[in-house]
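Residue numbering for the sequence shown follows full-length UniProt numbering, starting at 1 and increasing by one per position.
Here's the structure, in structure tokens; my notes come after.
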Amino acid sequence: MGMGKRERMEMGKRERMEMGKRERMEMGKRERRGGMQQEKERMELVMKGVGAKFSVIEMWSKFGRQLVAVTVSLSAVAVTLQGREGLEDVSDLKRMILTIGRRGPHWDPNWDGRGNASDATFAQELQRHVVFNDFAEASPNLSIDGMSPSFPFTSHSLSLWFQHMTVPEPSASRHIILVRHGHYAKVAQGSDPEHRLSSWGIEQVGLLAKRLNAFGIAFDQVISSNSTRAVETTEILKNEGVQLVPNVFPEYTELLKEGSPPVPPEPRMTKKKVKPELYLEHGIRVEAAFEKFFHRADPGDDKDVFTLMVTHRNLIRYFVLRALQLPPSAWSRLEINHASLTWLIIRPDGEVKVTCIGDSGHLPKDKITHSTKQYPKEGSVVLLA
1 MGMGKRERME MGKRERMEMG KRERMEMGKR ERRGGMQQEK ERMELVMKGV GAKFSVIEMW
61 SKFGRQLVAV TVSLSAVAVT LQGREGLEDV SDLKRMILTI GRRGPHWDPN WDGRGNASDA
121 TFAQELQRHV VFNDFAEASP NLSIDGMSPS FPFTSHSLSL WFQHMTVPEP SASRHIILVR
181 HGHYAKVAQG SDPEHRLSSW GIEQVGLLAK RLNAFGIAFD QVISSNSTRA VETTEILKNE
241 GVQLVPNVFP EYTELLKEGS PPVPPEPRMT KKKVKPELYL EHGIRVEAAF EKFFHRADPG
301 DDKDVFTLMV THRNLIRYFV LRALQLPPSA WSRLEINHAS LTWLIIRPDG EVKVTCIGDS
361 GHLPKDKITH STKQYPKEGS VVLLA
């Protein structure tokens, strides 16, 4: 009788434990479902403010006769732009933006979509194409053509993939020399929102022109931000005799205007909560500029191609990390001086080299600046550490 009582007590204890375990599991599932629903509602509210949309592309792949669905949700971008908080729970979404330009632990040789790659890489490239077309439609102030990737997927390029044909590689390297505009004078708000070069900035750019001329390079392309200080910098370089290939004229574009990259900086630049709308507003355009202007030379180029790009500090920071497939969140750790040079070389096989970043060797020590706060009074000298 005593043994039977103990057995019943043990059985009851096991049953209660099992019921408790099931209840805890069910409670956990309910909590996760509730959390996911809250996160979905929050994402929808965030994206409602920026006018982004959900995009789906479906296409038949000749490889295996399988239906390949490439689905891109721009609300994923909004989540990843929240900063460090909560990203551990949305790792798939986090990777979409934080691994831009670095799709794996190793170097991606087909980062610009112009090399020979696998069917899986093609799906990734198609996904990028879809994303930036949607970005264009969500940005009414920018043209769709201006926001398109530099290597759009036409019917011809699709047929090349489906026939397992290779994309011809160029035999030349592409050199992109990034120039930050000269020092500029901040003026009263409303009188000139674009800001003009200061007398000091004009002198800096004149010295930069002499250095560019010393290279003996004739630039095949000149691209500039359409901000006043960048346009003035480009005009000074041209007037000071920087060599251009015949019939080449500067191209001015809104894509290269100053703005925040699409990824919040690490470490944070402020203790305030990061607003995803801020990085979406400018970051979409910044990434689109990279997609459009950074790629290897064309297959028909039989000699190195040189591009002069006049733009702004944050864009140069981001472009360098993006091209090197390094974490783009490190952009705030790079300092780019006024009227400085940053030189990127893109090899025919897609390899990227950076020969210098923010090089100001052409400027006297007392003329090197990176901030408008470094504008000395008459007769004073600024020495940088």
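Glycine included, C-beta positions come from ideal geometry on N, C-alpha and C.
Contact check, residue i vs residue j, beta carbons under 9 Å
i    : j    : result
P299 : P170 : yes
T372 : K210 : no
N226 : Y184 : no
V222 : P250 : yes
E258 : H312 : yes
E287 : P261 : yes
I176 : L326 : no
L244 : F219 : yes
H370 : G182 : no
G174 : R196 : A quick correction: the sequence has Arg, not Gly, at residue 174. For R174 and R196, no; Cβs fall outside 9 Å.
G361 : I336 : no
L212 : V248 : no
L237 : T342 : no
R322 : F294 : yes
K303 : A172 : yes
Counted within 10 angstroms of its Cβ, other Cβ atoms place residue i as buried (16 or more) or exposed
i           : result
A289        : buried
S143        : Confidence at S143 is low in this model, with a pLDDT of 39, below 50, so its placement is unreliable and no value can be given for it.
R296        : buried
M9          : exposed
E291        : buried
M113        : Checking the displayed sequence, the identity of residue 113 turns out to be Gly instead of Met. Buried, since its Cβ has 16 or more Cβ neighbours within 10 Å.
P364        : exposed
residue 387 : Outside the displayed range of the chain (1 to 385) lies residue 387, so it cannot be described from this structure.
G283        : buried
R16         : exposed
R180        : buried
R285        : buried
Contact with chain D by residue i, beta-carbon distance below 9 Å
i    : result
R317 : Absent from the structure is chain D; it holds one protein chain and no more.
Presumed contact (8 Å Cβ cut-off) between residue i and residue j, rounded CB distance
i           : j    : result
residue 394 : S224 : Only positions 1 to 385 of the chain appear in the structure, and residue 394 is not among them; the question remains open.
V367        : W200 : The sequence as given places Lys at residue 367; Val does not occur at that position. About 7 Å separates the two Cβ atoms, so the contact holds.
P328        : V263 : 5 Å
With a cut-off of 8 Å, do at least 3 Cβ pairs link the region 191-207 to the region 233-246? yes
How about the region 329-338 and the region 302-320: do they share at least three Cβ pairs that are nearer than 8 Å? yes
Tell me the start and end of each unbroken beta strand (DSSP E) in the region 272-327 that is at least 3 residues and wholly inside, in chain order. 305-311
Quick one: complete alpha helix (DSSP H) runs, 4+ long, within the region 188-249? 199-215, 228-239
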